[in-house]
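**Student:** Numbering (the numbering used here), first residue to last: 24 to 162. Once you've had a glance at the structure underneath, I'll fire off some questions.
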């Protein structure tokens with residue numbers, strides 16, 4: 024009986040890879056914001072700058088897609104030094120790249136706080152749009 028079960032796991036090409044596929048990387052404002060709202064963290068396709076560096080990422084080379092295919096930079100702390108995002112005594116902001124495919128990082132970022140706020144910027148932190156509520160991401 025065990026042989027039948029193992030044989031049933033082999034696909035038509037003869038290898039034993041599973042039919043389960045990793046989900047496609049979430050990279051859009053809407054998809055990442057929805058994920059953060061539901062899970063209170065970034066999707067698995069995000070890695071910190073430190074993690075990327077350990078894989079060989081050199082920001083000036085724009086080589087993230089070469090050293091970490093399917094990954095985007097995210098999860099690092101955002102200081103909010105300019106004070107453009109709402110402040111609270113214990114609030115901590117984190118940031119993540121949005122719409123990254125390859126090459127140098129773009130200007131699109133999502134900012135999310137430990138108390139549930141979510142903001143977006145398309146101009147590299149010059150202005151922000153509150154997208155905390157579901158359905159609030161502009162088209």
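Using N, Cα and C, we set each Cβ at its ideal position, and we do this for glycine too. Source: prediction; values computed, not measured.
How is the alpha helix (DSSP H) around residue 87 delimited, first residue to last?
**Tutor:** As a first step, residue 87 is located in the chain shown; it is residue number 64 there, counting from the start. Residue 87 -> alpha helix (DSSP H) spans 87 to 90.
**Student:** Would DSSP call residue 154 helix, strand or coil?
**Tutor:** One-based indexing of the chain shown puts residue 154 at position 131. Three-state DSSP puts residue 154 in coil, outside helix and strand.
**Student:** For residue 148, which residues from the same chain have a beta carbon less than 8 Å from its beta carbon, with the 5 sequence-adjacent residues on both sides left out?
**Tutor:** Here residue 148 is taken as the residue at index 125 of the chain shown, counted from 1. Taken in chain order, the residues that qualify are 105, 107, 132.
**Student:** Counting pairs of beta carbons, one from the segment 123 to 130 and one from the segment 78 to 85, are three or more of them closer than 8 Å?
**Tutor:** yes
**Student:** Quick check: what's the CA-CA separation for residue 70 versus residue 50?
**Tutor:** By 1-based counting over the chain shown, the position of residue 70 is 47. By 1-based counting over the chain shown, the position of residue 50 is 27. Answer to the nearest angstrom: the Cα atoms are 13 Å apart.
**Student:** Quick one: is residue 81 buried, meaning 16 or more other Cβ sit within 10 Å of its Cβ, or exposed?
**Tutor:** Against the chain shown, residue 81 aligns to sequence position 58. So residue 81 ends up on the exposed side.
**Student:** Nearest-angstrom Cα distance between residue 123 and residue 95?
**Tutor:** For the purposes of this step, residue 123 is taken as the residue at position 100 of the chain shown. For the purposes of this step, residue 95 is taken as the residue at position 72 of the chain shown. So the two alpha carbons sit approximately 6 Å from each other.
**Student:** Restricting to Cα atoms, I'd like to know which of 64, 55, 48 is closest to residue 115.
**Tutor:** Locating residue 115 in the chain shown gives position 92, counting from the first residue. Comparing Cα positions, the closest option is 64.
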